[in-house]
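Colleague:
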Amino acid sequence: MNNFVQLIGHSRHRAARTATQVALAAAVLVALPAWATLGGDEASVIADQAALNATLVKTANAGYTDYALTLPNGIIVHEFVNPAGQVFEVTWNGKGKRPDMRQILGTHFDKFNAPVSQKARNDKHATARRADRVAADFEMHSAVHNRIFTGTAHLPSQLPASLTGPIGVPMESPIPKAANQAQ
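Using the UniProt record's numbering, the first residue of the sequence shown is number 1, and each one after it goes up by one.
#1: Can you look up ALA47 in the DSSP assignment and give me helix, strand or coil?
#2: Just reading off the beta strand (DSSP E) that ARG102 is part of, what are its end residues?
#3: Identify which residue in VAL45, THR152, PHE138 has its Cα closest to the Cα of VAL81.
#4: Considering only residues of the same chain and omitting the five flanking positions on each side of SER142, which have a CB-CB separation below 6 Å?
#5: Skipping 5 residues on each side, what residues in its chain have a beta carbon closer than 7 Å to that of ILE167?
#6: Looking only at its chain, what residues have a beta carbon closer than 8 Å to the beta carbon of ALA31, apart from the 5 residues adjacent to it on each side?
#7: Quick one: what does DSSP say GLY168 is sitting in, helix, strand or coil?
#8: Hey, out of HIS108, VAL134, LYS95, PRO83, whose CA is closest to GLN158's CA?
#9: Would you kindly work out how many angstroms separate the C-alpha atoms of ASP48 and PRO99, rounded to a whole number?
#10: If we call anything under 8 Å between Cβ atoms a contact, is LYS111 one with ARG147?
#11: Rounded to whole angstroms, what's the CA-CA distance from HIS145 to ARG129? Just pull it up for me.
#12: Measure the C-alpha to C-alpha separation of ASN93 and ILE76 and round it to an integer number of angstroms.
#13: Could you check what DSSP says for SER142 in three-state terms: helix, strand or coil?
#14: Where does ASP137 sit, in a helix, a strand or coil, going by DSSP?
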């Protein structure tokens with residue numbers, strides 16, 4: 001009888017330990033998509049690749065590394081990493097559904113999603129299809145036209161010393177400039 005009680009006690013302990021391990025593993029897996037990408041470390045690029053179900057091409061350049069993520073819908077997201085291993089800029093371009101901005105902007109998503117200023121609302125050329133956000137250490141420009149999404153976001157303080165400004169991605173802007181805007 002004593003062996004039976006010990007066996008039951010041992011099984012309960014093992015079950016509790018297994019439940020704890022499963023809960024910890026689930027917490028880690030749930031936290032993965034919350035890793036900051038913009039401003040995050042180089043490992044966050046791999047988390048983005050998995051979360052966005054993207055293919056990845058890595059290109060080393062002078063002063064930074066470009067990780068190009070091609071999403072299943074054809075949109076290309078570039079994540080630029082400085083020599084310190086920090087993602088200092090992200091860009092996106094392509095037709096279809098906008099990429100998961102919470103995933104690629106990480107902790108900076110709230111700045112992307114912030115309400116438009118009163119000045120921008122009063123601007124007769126401003127549209128809901130264009131978004132510009134500038135904060136102390138965050139700059140983002142985004143536009144959409146005919147379901148073509150294009151944009152860039154960067155952290156000025158994280159730019160590599162070899163750069164004088166954001167990289168951006170060479171692309172034709174899908175939003176034509178108004179006739180009275182400077183070319």
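For each residue, glycine too, the CB sits at the ideal point set by N, CA and C.
Modeller: This is what the structure holds:
#1: The count along the sequence shown starts at 1 and reaches residue 47 at position 47. Residue state, collapsed to three classes: helix.
#2: For the purposes of this step, residue 102 is identified with residue 102 of the sequence shown, where counting begins at 1. Boundaries around ARG102 are those of the alpha helix (DSSP H), 101-105, since no beta strand (DSSP E) includes it.
#3: As a working note, residue 81 is residue 81 in the sequence shown. Considering only alpha carbons, the answer is VAL45.
#4: On the sequence shown, residue 142 is found 142 positions in, with the first residue counted as 1. These residues qualify, in order along the chain: ALA131, GLY151.
#5: For the purposes of this step, residue 167 is identified with residue 167 of the sequence shown, where counting begins at 1. Hits under 7 Å: PHE80, GLU89.
#6: Locating residue 31 in the sequence shown gives position 31, counting from the first residue. In this prediction, ALA31 has a pLDDT of 40, which is less than 50 and means its spatial position is unreliable; what the coordinates show is noted afterwards. No residues qualify anywhere along the chain.
#7: Taking the first residue of the sequence shown as 1, we reach residue 168 at position 168. Coil.
#8: Here residue 158 refers to the residue found at position 158 of the sequence shown. Checking every option, the nearest Cα to that of GLN158 belongs to PRO83.
#9: Residue numbering aside, residue 48 sits at position 48 when the sequence shown is read from its first letter. Residue numbering aside, residue 99 sits at position 99 when the sequence shown is read from its first letter. So the two alpha carbons sit approximately 11 Å from each other.
#10: Working through the sequence shown from its first residue, we reach residue 111 at position 111. Working through the sequence shown from its first residue, we reach residue 147 at position 147. No, the Cβ-Cβ distance between LYS111 and ARG147 is not below 8 Å.
#11: Position 145 of the sequence shown holds residue 145. Position 129 of the sequence shown holds residue 129. Those two C-alpha atoms are separated by around 7 Å.
#12: Counting from one through the sequence shown, the residue named residue 93 turns up at place 93. Counting from one through the sequence shown, the residue named residue 76 turns up at place 76. Distance between the alpha carbons of ASN93 and ILE76: 6 Å.
#13: The residue given as residue 142 occupies position 142 in the sequence shown. In the three-state scheme derived from DSSP, where H, G and I count as helix and E and B as strand, SER142 is classed as strand.
#14: Looking up residue 137 in the sequence shown gives position 137. Coil, per DSSP.
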